[in-house]
Structures are given as C-alpha cells and as structure tokens.
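Okay, so the sequence shown: first residue is 5 according to my numbering, each after it adds one. Backbone N, C-alpha and C define an ideal beta-carbon position, used for all residues, glycine too.
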Amino acid sequence: MDLQAVRTFVAITEAGGFQKAAADLSVTQQAVSKRIATLEAALGVRLFTRAPRGAELTIDGRAFLPHAHELLRAAERASASVRPGHRPLRVDVIASRTAQSSLMRAFHRAHPAIPLDVMMLVSMDTAVAALRTGELDATFRAVAAPGHPLPEDIASARVLDEPLQLLTGPAHALADAPSVTLTDLAGHRIWMPGVAPGTEWGAYYDDLSAEFALTIEATGPNFGSDVLLDTIADTPALATFMGEHSRLIWPETHALRRIPITGPTPVYPHSLLWHRDNPHPGLATLRSYAGAAGEWGAAGSWVPGWVIER
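So this is what it looks like as structure tokens:
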C-alpha cells in the first residue's frame, strides 16, 4: 500500500478538505486528488464524499481511518528502528515563555546529546493527532478537560503544578497586598484575552471562575503579552493571572506587581503526553527527567475536578 497516499488520506481528515490538506502537505490539490484516487482504487471503495464544507468520510473511510493511523505509526517505528536516536525528539509546548518551555530548556542543558525540536501547537486535538501519527513525540497539556478525553493509546503523567499569581498595575486596589485569596478577587476584573473557548485552559478558567465567583474576561483580540502587560500597567481596574514560572519582561516604568494567591492556591496542572508505542530513545529520558524535575498535588492547591490525579 502506498504510504504517501495513506498519509495524504489522514491529512485530509485532519484538514477537513482537499485544498487545505494540499497546502499542509505543500503539494498541489491535483496531486492530493490523484493520491486518493489511487488509494481508493487499491482498496476498491470510496473514502470521501464532497460536501459544501469540504470532504466528508464515507462509512468505508471511517472504518479505514484507525488502520491508516496504525500504518503510519508502524512506518515510523520501522524507520526509527534502523536510525535510533538520529531523529530529533519532537516536543510540543504551549508557548515560548511558559513553565513547559523552561522545563524543556533545563532538559536540553541536562541532556545536550539528545537532538531536540520544540514545537508550539495551539490545539490539544491537533497535538494528540500528531502523537498518534508519530509526527510528535510528546506534548504538555492539562488532562483530561471536558470534550478532550485521552485515547487509550495515549499515555500521560502529571509532572508539574504551576501556581498562578495575580498581576496588577501600580494603581490597582490590590497592588500593595503581600498576598491575596481567591475570595479577595471576587468583584475584581481579571482580563485574559488569550483564553480561547474549547481549549483545556479555557475549561480550567471556566471552572475557576465558577467555583470562586470570579469575573474573568476574555473579551477583545489577543495582541500578545506585550499589549496585555501595557494594558494592565495603565488600567487600575484590570488585573490578570500569570503562571509563577512564566518568564515575561516589561519596562521598569510599568511597575507591575506579581502577587501570590493563597487559600487555596490555584495551580495549572501540566501533564506530559506521549503515544504508548513511541520508540524514540529520548522519550524515556524526557519522561524520567520531567517526573523528577516537577512536583504536583501540594496541600492547599486547587485544580478542577476533571484533572487526572497521576
């Protein structure tokens, strides 16, 4: 069976259409159509039907999809078996200045001989799909948020709970507090434009706001951390949450305050995810390092009820 055609088939299912898959694969739409026609001829069935919103799997296409994933994983394992350790370990982090990124920098310093590629995939579903195809070796995520259950072939280990801090400008009502409780934050506006609906961090902050009657606003476009920090510095009525390990830099004139939150301390649960059959030799080293370097489940901390306690 033509693995290139199988890979193209999986790309179409993930992209939702032939045109987007062609762009993702850096080939023409004609080449994508030809590959699928060849695969359908080999299988003797139709895999897709054209629909107004793109391409939809037929009943035979849905039946073939899990086997297509397994074929690609088998091909990756076969390739890795003759070049162990030569391919970089591919790890997904949410952003470049987060706790996961800091952990990966420390891992690289501790194990410089392991080739490493660090990626940033926004969607958890995209990251899990990449784990299943072998395009990604590991990702850091909060699991298992509603709507994002882990497939049985994906393993996870909770490696780090990151305490949240309150970030305010110098004129905010809580700016001079040595610490605050979640009860203290009731009635204050917490602005977090990067919180997207349907993400695991969106689910986290939905539960946090519901349990402690917080006003968390995700309104307005997300122009990045610089604009967020400028706005917090200049707007006494706004504050935001920041992870304790986030490494953001701002002008001294902003005079921003990072204030610990207690009673309980909300912590963001970072878990390491990987495919159970992944053969990369560097993955075992990363799993061991992340498990030893992190800490989680401390007394007096808060996480949503859906977080996996392991």
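Minimum Cα-Cα distance from ALA146 among the listed residues HIS284, LEU186, ILE98, GLU156 corresponds to ILE98. Note: ILE194 is bridge-paired with ILE220, ALA243 in the DSSP secondary-structure output.
Residues of the same chain with a CB within less than 7 Å of the CB of THR266, apart from the 5 flanking positions on each side, are SER183, THR185 in chain order. The Cβ atoms of ASP6 and ALA19 do not sit closer than 7 Å to each other. Our two residues, PRO150 and SER213, have alpha carbons roughly 16 Å apart in a direct line. Contact between GLY295 and ALA103 does not hold, since the beta-carbon distance rounds to 15 Å and is not under 8 Å. Here LEU51 is not near GLU60, since their CB atoms are 7 Å or more apart. Here the alpha carbon of VAL14 sits roughly 51 Å from the alpha carbon of HIS176. Bridge partners of TYR272 according to DSSP: GLU166. DSSP links ILE158 through a beta bridge to HIS279. By the Cβ criterion, the region 253-267 is in contact with the region 163-178, since at least three pairs of Cβ atoms, one from each stretch, lie closer than 8 Å.
One Cα belongs to ASP157, the other to ALA9, and the distance between them is close to 24 Å. The beta-carbon distance between VAL163 and HIS274, rounded to whole angstroms, is 6 Å. This is short enough to meet the 8 Å contact definition. Measuring C-alpha to C-alpha distances from ASP281 to each of GLY65, GLU139, HIS112, GLN34 identifies GLU139 as the nearest.
C-alpha of HIS279 to C-alpha of ASP188: approximately 42 Å in a straight line. The beta carbons of PHE22 and VAL36 sit closer together than 7 Å.
Under the three-state reduction of DSSP, GLY58 is assigned to strand. For SER100, the closest alpha carbon among the candidates ASP211, PHE144, PRO308 is that of PHE144. Between the C-alpha atoms of PRO268 and GLU204 there is a straight-line separation of about 21 Å. Bridge pairing for ILE263: LEU170 [DSSP]. Where ALA142 is concerned, there is no enclosing alpha helix (DSSP H), although the beta strand (DSSP E) around it starts and stops at 142-145.
Note on geometry: alpha-carbon atoms of LEU233 and ALA26 lie some 39 Å from one another.
Contact between LEU69 and THR17 holds: their C-beta atoms lie close to 6 Å from each other, under 8 Å. Under the three-state reduction of DSSP, SER292 is assigned to helix. Rounded to the nearest whole angstrom, the CA to CA distance from ARG91 to HIS112 is 15 Å. Residue pairing by DSSP puts ARG94 in a beta bridge opposite ASP121. Here the C-alpha atom of PRO153 lies approximately 13 Å from the C-alpha atom of ALA131. When only Cα atoms are considered, TRP195 and ALA217 end up about 15 Å apart.
The Cβ-Cβ distance between TRP300 and ASP165 falls below 7 Å. In the three-state reduction of the DSSP assignment, SER250 falls in the coil class. The alpha-carbon separation between LEU287 and GLY191 amounts to approximately 45 Å. For LEU135, the enclosing alpha helix (DSSP H) starts and ends at 128-137.
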